[in-house]
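In terms of my numbering, the sequence shown opens at residue 12 and continues consecutively. What follows is a single structure, written as structure tokens, with notes after it.
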Amino acid sequence: MQYDNWTSGNDDIDEFIQDTQLSTHDKYEVSKKALEWIPYNRLCNIKYNEKIGVFRANWIDGYIYNWDIYNQNWERYDQNMFVTLKRINLNNIKLEVTNKINGNYEFYGITQDPKTKNYMMILSDLCEKCDGICEFHKKFINWTSGNNNIDKFIQDTQLLAHYDLGEALEWIPYDRFYDIKYIAKGGYGKVYKAIWNDGKYRNMLVALKSLNNSRNITLEFMNEIALHSRFNNFKNFIIKFYGITQNPETKDYIMVLNYAEGGSLRNYLDTNHNELNWNSKLNHLLGLACGLDCIHKNEFIHRDLHSGNILISLFNMWIADMGLCKPADCNPLESAKNNIYGVLSYIAPEILRRQNYTKASDIYSFGIIMYEIISGLPPYHDISHDENLAIKICKGFRPRFNIKVPQLIIYLIKRCLDADPLNRPQAEEIYDILHEWINKKSKSQTVELQKQIKEAEEINKNSSNDIISLTNLGMSYETHSEAIYTSRILNFNNLPEPKNSDDYYKQTDNIISGEFSGIN
12 MQYDNWTSGN DDIDEFIQDT QLSTHDKYEV SKKALEWIPY NRLCNIKYNE KIGVFRANWI
72 DGYIYNWDIY NQNWERYDQN MFVTLKRINL NNIKLEVTNK INGNYEFYGI TQDPKTKNYM
132 MILSDLCEKC DGICEFHKKF INWTSGNNNI DKFIQDTQLL AHYDLGEALE WIPYDRFYDI
192 KYIAKGGYGK VYKAIWNDGK YRNMLVALKS LNNSRNITLE FMNEIALHSR FNNFKNFIIK
252 FYGITQNPET KDYIMVLNYA EGGSLRNYLD TNHNELNWNS KLNHLLGLAC GLDCIHKNEF
312 IHRDLHSGNI LISLFNMWIA DMGLCKPADC NPLESAKNNI YGVLSYIAPE ILRRQNYTKA
372 SDIYSFGIIM YEIISGLPPY HDISHDENLA IKICKGFRPR FNIKVPQLII YLIKRCLDAD
432 PLNRPQAEEI YDILHEWINK KSKSQTVELQ KQIKEAEEIN KNSSNDIISL TNLGMSYETH
492 SEAIYTSRIL NFNNLPEPKN SDDYYKQTDN IISGEFSGIN
């Protein structure tokens, strides 16, 4: 080692570094034991991490690992490597530095901030989960989304995932997608399908969900998207979230999701409802109840559950749009006003009155979806979705079946749609009821349900229906021009106190009576 080429400006630090170098003669031990003085200008992208009180940076040169006898210089490895900078307490330099040498960290050397004059140890970024140098950290220098909030969000998911790569999100360059085709427009933006070159398997089909006006995406909205990523390990119930990309023309950010070939539940019902028997309908509801129970047991609330964000594949029913209940460029001050963002016909009356979202408000949405799967019709499809409908819902107005439905099923739906959130069942109870109906054929309630199903089928078979017609292409029905089934901002004032209709639990042949006017 040549000592006349450098100095730290501190005799104790110079002596300590020189001692580690003199004690290391084995070339294989150099990278592990020999420290070096590292000029501060050989570090870049220096950022402070408030959570753990250290700086993180990239070391341009990388660490020494062998002496090149031909060029009479050190060979270095891992240029632009990610490192941690930890401040040294000058009152006890030797003890603090010695502890780091004997610790789990790779200790490369010491530097000094020329502005603050603080000396800092340069360490590997060893984390508890990896018990080694985190490969994700090392790659952070290789990509950026152009947005600090998104970069931090993706990096945090990667650091939390570590070896469980299925849970880690990634920044995906837009040019890694091809054959991009428009599918539909939703409340948050347009949805496309595309081929992803570098997916879980080569040339993987994925869905691209663009987020309107997201070039100015807020940290608050990124926190909402974070909800979706937390459920990546529940792949049987929640749509898989792979990462984020950006449209280079519109600058809108795009969520990259698993592609559901069956489309939304609404589209699926329009095409396939006439082929669904009662057992198929109950099985779909069971899968949905299982997913919702999973969400609630993890102490989360969906807040925007409707048939447009429930997706169908050959073997699965997936819940999508976890937590996406406001625009991407939502102003936090506007959000604080507690404006509602969703689909009116699925929103619980207490939410329309600006109360906080709860698990019970998700259950109300589930009850509307139960009606939709059984009837095949979108809720309130033949009336305007305006303030008048919101008033009626608060006064006890609910969708009506146009077919005969078993009383046991009607009663469960009524409980879900009860005006009082405390009277609604929990997702686990709904799952247990549906599971018993499907799998425990000898149970008395299941026997009774099968009897009611046969009676309903006979009545429906012999009755004419003027509201809908079944064709070879699926269901055909008229939708009001102002019946809106995409999420939007809803702002209603002075809505009445929620209540059930007067005969809500008295009559059992439908959700509400045919005479209900919305004012009684």
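We put the CB at the ideal spot given by N, CA and C, even for glycine. Being a predicted model, the structure only gives us computed values, none of them experimental.
Rounded distance between the beta-carbons of I330 and I250, thought under 8 Å: Here the question's residue 250 lines up with position 239 in the sequence shown. Here the question's residue 330 lines up with position 319 in the sequence shown. Between I330 and I250 the Cβ distance is about 7 Å, and since that is below 8 Å, they are a contact.
Near the ligand ADP: F503 beta-carbon under 7 Å from a heavy atom: Annotation note on the ligand ADP: not contained in the displayed structure, which lists no ligands.
Own chain partners of T369 with C-beta closer than 7 Å, once the 5 adjacent residues on each side are dropped: Numbered from 1 along the sequence shown, position 358 holds the residue referred to as residue 369. Excluding positions up to five away in sequence, the list reads I312 and P432.
Length at least 3, wholly inside the segment 156-206: the beta strand (DSSP E) runs in chain order: 188-196
Cβ-based neighbour list, R411, same chain, cut-off 8 Å, excluding 5 preceding and 5 following: Locating residue 411 in the sequence shown gives position 400, counting from the first residue. Result list for R411: N521, I522, I523 and G525, in chain order.
Cβ pair I99, I28 closer than 8 Å: Within the sequence shown, the letter at position 88 stands for residue 99. Within the sequence shown, the letter at position 17 stands for residue 28. Result no, Cβ atoms of I99 and I28 do not sit closer than 8 Å.
Of the listed residues E117, N269 and G273, nearest to M215 (C-alpha basis): Residue numbering aside, residue 215 sits at position 204 when the sequence shown is read from its first letter. The residue with the shortest Cα to Cα distance from M215 is N269.
Rounded Cβ spacing between L134 and K97 (contact assumed at less than 8 Å): Along the sequence shown, read from residue 1 onward, the residue named residue 134 stands at position 123. Along the sequence shown, read from residue 1 onward, the residue named residue 97 stands at position 86. Between K97 and L134 the Cβ distance is about 6 Å, and since that is below 8 Å, they are a contact.
Segment contact flag, the segment 350-360 with the segment 261-277, C-beta cutoff 8 Å, min 3 pairs: no
Cβ shell of S356 (< 7 Å), same chain only, five flanking positions each side left out: Along the sequence shown, one-based indexing puts residue 356 at 345. Same-chain partners within the cutoff: I379, P390, Y391 and H396.
Per-residue DSSP class, three states only, for Y264: Here the question's residue 264 lines up with position 253 in the sequence shown. Reduced to three states, the DSSP call for Y264 is strand.
Span separating the alpha-carbon of F93 from that of N309: The residue labelled residue 93 in the question sits at position 82 within the sequence shown. The residue labelled residue 309 in the question sits at position 298 within the sequence shown. Approximately 34 Å, taken between the alpha carbons.
Whether L316 touches S376 by CB criterion (8 Å): Looking up residue 316 in the sequence shown gives position 305. Looking up residue 376 in the sequence shown gives position 365. Result yes, Cβ atoms of L316 and S376 sit closer than 8 Å.
8 Å Cβ cutoff, D89 in contact with chain B: The question asks about chain B, but that chain is absent: this structure has only one protein chain.
Three-state secondary structure assigned by DSSP to A438: Residue mapping note: residue 438 aligns to position 427 of the sequence shown, counting from 1. Helix, per DSSP.
Whole-number beta carbon distance between I441 and A300, since they are thought to touch under 8 Å: Position 289 of the sequence shown holds residue 300. Position 430 of the sequence shown holds residue 441. About 5 Å separates the two Cβ atoms, so the contact holds.
Whole-angstrom distance between G254 and S221, CA atom to CA atom: Counting from 1 along the sequence shown, the entry for residue 221 is found at position 210. Counting from 1 along the sequence shown, the entry for residue 254 is found at position 243. Computed Cα separation, rounded: 12 Å.
Rounded distance between the beta-carbons of F248 and G302, thought under 8 Å: Sequence index remark: in the sequence shown, residue 302 carries index 291 (1-based). Sequence index remark: in the sequence shown, residue 248 carries index 237 (1-based). Confirmed, Cβ separation roughly 3 Å.
Where D373 falls, given that 16 or more other Cβ within 10 Å makes a residue buried: On the sequence shown, residue 373 is found 362 positions in, with the first residue counted as 1. Under this definition D373 is a buried residue.
Spatial distance of Y193 from Y264 (CA atoms): The residue you call residue 193 lines up with position 182 of the sequence shown. The residue you call residue 264 lines up with position 253 of the sequence shown. Going by the C-alpha atoms only, they are around 16 Å apart.
With 16 other Cβ atoms within 10 Å as the buried cut-off, status of A195: For the purposes of this step, residue 195 is taken as residue 184 along the sequence shown, with counting starting at 1. Exposed: under 16 other Cβ atoms inside 10 Å.
Of the listed residues P259, G298, I323 and V202, nearest to Y279 (C-alpha basis): Stepping through the sequence shown from its first residue, residue 279 is reached at position 268. Here the closest residue by C-alpha is I323.
Whether E469 touches T457 by CB criterion (8 Å): Position 458 of the sequence shown holds residue 469. Position 446 of the sequence shown holds residue 457. Cβ atoms of E469 and T457: not closer than 8 Å.
Residue from I394, Y76 and R277 whose Cα sits closest to the Cα of M532: Only positions 12 to 531 of the chain appear in the structure, and residue 532 is not among them; the question remains open.
Beta-bridge pairing of M131 - partner residues as DSSP gives them: Position 120 of the sequence shown, counting from 1, holds the residue named residue 131. Per DSSP, R98 and T122.
Proximity to T127 [Cα-Cα], best of Y51, W85 and R87: Start at 1 with the first residue of the sequence shown, and residue 127 comes out as number 116. When only C-alpha atoms are compared, the closest one is Y51.
Residue range of the unbroken alpha helix (DSSP H) whose run includes E361: Against the sequence shown, residue 361 aligns to sequence position 350. P360 to L363 is the extent of the alpha helix (DSSP H) around E361.
D25 vs S19 beta-carbon contact at 8 Å: Walking along the sequence shown from the start, residue 25 turns up at place 14. Walking along the sequence shown from the start, residue 19 turns up at place 8. Yes; because the gap between Cβ atoms is below 8 Å, this pair is in contact.
Residue(s) in a DSSP beta bridge with Y88: Position 77 of the sequence shown, counted from the first residue, corresponds to residue 88. Y88 is bridged to Y74.
L484 classed as buried or exposed, judged by whether at least 16 other C-beta atoms fall within 10 angstroms: Translated into the one-based positions of the sequence shown, residue 484 becomes position 473. Residue confidence is low: L484 scores 46 on pLDDT, short of 50, so the model does not pin down where it sits. Its coordinate-derived value is still stated next. Answer is exposed; the Cβ neighbour count stays below 16.
Collapsed DSSP secondary structure at I522 in the structure displayed: Along the sequence shown, read from residue 1 onward, the residue named residue 522 stands at position 511. Three-state result, I522: coil.
Close beta carbons around D304, own chain, < 7 Å, minus the five adjacent residues each side: Counting from one through the sequence shown, the residue named residue 304 turns up at place 293. For D304, where only same-chain residues beyond five positions count, the Cβ hits under 7 Å are A438, E439 and Y442.
Where the beta strand (DSSP E) through K220 begins and ends: Residue mapping note: residue 220 aligns to position 209 of the sequence shown, counting from 1. Start and end: M215 to S221.
Which of helix, strand or coil DSSP assigns to A339: As a working note, residue 339 is residue 328 in the sequence shown. With a pLDDT of only 41 at A339, under 50, the local geometry of the prediction cannot be trusted, and the value read off the model is given with reservation. Coil.
As assigned by DSSP and simplified to three states, the class of W154: Along the sequence shown, read from residue 1 onward, the residue named residue 154 stands at position 143. DSSP places W154 in coil when its eight states are reduced to three.
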